[in-house]
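Inspection log for the structure reproduced underneath, given as structure tokens.
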Amino acid sequence: MAIVYQKSKGLLDAEFHYCPGCHHGIVHKLVAEVLEELGIIDTAIGVSPVGCSVFGYNYWACDMVEAAHGRAPAVATGLKRVNPDHAVFTYQGDGDLASIGAAEVVHAAMRGEKITTIFINNAIYGMTGGQMAPTTLIGQKTTTSQLGRTVEQAGEPLRVSEMLATIGGAAYIERVCVKDIPNLNKAKKAIKKAFELQLAGAGFTFVEVLSACPTNWGMTALDANKFIEEKMIPYYPLGVIKDKTAE
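For the sequence shown, the working numbering begins at 2 and goes up steadily by one.
What follows is the structure in structure tokens.
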């Protein structure tokens with residue numbers, strides 16, 4: 002009997018802990034498939050920091066290292082410099098990367114570290130109870146912005162990809178989402194290209210994934226996908242933001 006589909010060898014035999022409708026599991030699957038297709042499961046090194054993805058080492062079949070909150074790019078820098086032939090990646094949420102870890106990712110990009118960062122942007126702090134994040138949209142309600150985020154109180158949401166694109170050491174930056182199959186396929190293509198460019202020595206590569214958090218958004222999974230389409234994408238447009246290899 003022909004096999005139509007099977008779980009990637011890049012994933013361990015463990016059940017995800019994520020909430021129903023969360024997109025973390027989908028992105029984990031894409032990363033795992035890319036590792037398998039590139040033949041680097043045995044040599045890749047992933048870095049999980051603090052956040053919803055803190056248990057990443059339970060899911061990916063490659064070597065994994067745990068980092069302190071926000072410090073994944075710094076840890077990945079050390080790993081890559083002593084293992085230059087390995088594919089090294091960080092997997093970070095917006096609270097981890099865009100808040101406490103903002104300096105870490107900026108300076109990794111500035112130095113042109115040959116690592117790949119997968120950035121999950123769900124516009125909220127998922128693990129700790131749904132607080133406002135640097136990426137929370139104007140008017141969006143969270144446990145710490147119960148009347149909705151305002152520019153006067155919290156400033157404008159941070160567009161991390163556009164910010165990093167201004168830095169010379171950043172070689173490739175793309176923003177994607179996984180709300181439906183066509184976008185899922187585009188996301189996998191972006192993740193694969195980011196790893197390929199890293200292995201080619203191009204520099205720092207970065208893929209931002211707009212992701213749903215139905216639990217903390219207080220929505221159904223279907224409504225969360227609609228929120229991404231109607232609210233997030235207009236502010237965080239999809240597409241390649243920087244590709245030095247195409248210049």
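In this text, a Cβ means the ideal position worked out from N, Cα and C, and glycines have one as well.
Since residue i and residue j are thought to touch, with beta carbons under 8 Å apart, how far apart are those beta carbons, to the nearest angstrom?
{"i": "L159", "j": "T136", "result": "6 Å"}
{"i": "I229", "j": "K180", "result": "5 Å"}
{"i": "I119", "j": "F90", "result": "6 Å"}
{"i": "Y173", "j": "A188", "result": "Going by Cβ atoms, the distance from Y173 to A188 rounds to 14 Å, so no, they are not a contact pair."}
{"i": "A110", "j": "I41", "result": "Not a contact, Cβ separation roughly 22 Å."}
{"i": "V250", "j": "I192", "result": "Residue 250 is absent from the structure shown; the chain starts at 2 and stops at 248."}
{"i": "R176", "j": "L211", "result": "7 Å"}
Run through DSSP, which three-state label would residue i get?
{"i": "Q132", "result": "coil"}
{"i": "D86", "result": "coil"}
{"i": "L148", "result": "coil"}
{"i": "S212", "result": "coil"}
{"i": "I234", "result": "helix"}
{"i": "S9", "result": "coil"}
{"i": "T78", "result": "helix"}
{"i": "A110", "result": "helix"}
{"i": "A1", "result": "Since the first and last residues shown for the chain are 2 and 248, residue 1 lies out of range."}
{"i": "S54", "result": "coil"}
{"i": "M65", "result": "strand"}
{"i": "I139", "result": "coil"}
{"i": "P183", "result": "helix"}
{"i": "E197", "result": "helix"}
{"i": "F228", "result": "helix"}
Among the options, which residue has its Cα nearest to the Cα of residue i?
{"i": "K142", "options": "N217, K10, I119, G26", "result": "N217"}
{"i": "F207", "options": "L12, T221, E163, N84", "result": "E163"}
{"i": "G57", "options": "E114, M220, Y19", "result": "Y19"}
{"i": "A213", "options": "G149, C53, A191", "result": "C53"}
{"i": "P235", "options": "A201, V76, I139", "result": "I139"}
{"i": "T117", "options": "L198, L223, K190", "result": "L198"}
{"i": "K227", "options": "C178, E209, G204, D244", "result": "C178"}
{"i": "R82", "options": "I4, G202, V32", "result": "G202"}
{"i": "E248", "options": "V48, K190, G169", "result": "G169"}
{"i": "K243", "options": "V55, D97, F205", "result": "F205"}
{"i": "E67", "options": "P85, D86, T44, Q93", "result": "Q93"}
{"i": "P21", "options": "G219, N84, I182", "result": "G219"}
{"i": "D97", "options": "M133, L148, A171, E37", "result": "M133"}
{"i": "E105", "options": "E157, Q147, V161, R150", "result": "V161"}
{"i": "P50", "options": "T44, D95, N184", "result": "D95"}
Name, in chain order, the residues that DSSP records as bridge partners for residue i.
{"i": "G249", "result": "Absent from the structure is residue 249, since the part of the chain shown begins at 2 and ends at 248."}
{"i": "I1", "result": "Outside the displayed span of the chain (2 to 248) sits residue 1, for which this structure offers no information."}
{"i": "K243", "result": "I174"}
{"i": "S49", "result": "E67"}
| request: For the stretch 71 to 79 and the stretch 20 to 34, state whether three or more C-beta atom pairs, one from each stretch, are separated by less than 8 Å. | output: The stretch 71 to 79 is not in contact with the stretch 20 to 34.
| query | Is there contact between the stretch 6 to 14 and the stretch 50 to 63, where contact requires at least three CB pairs shorter than 8 Å? | reply | Touching, per the Cβ criterion.
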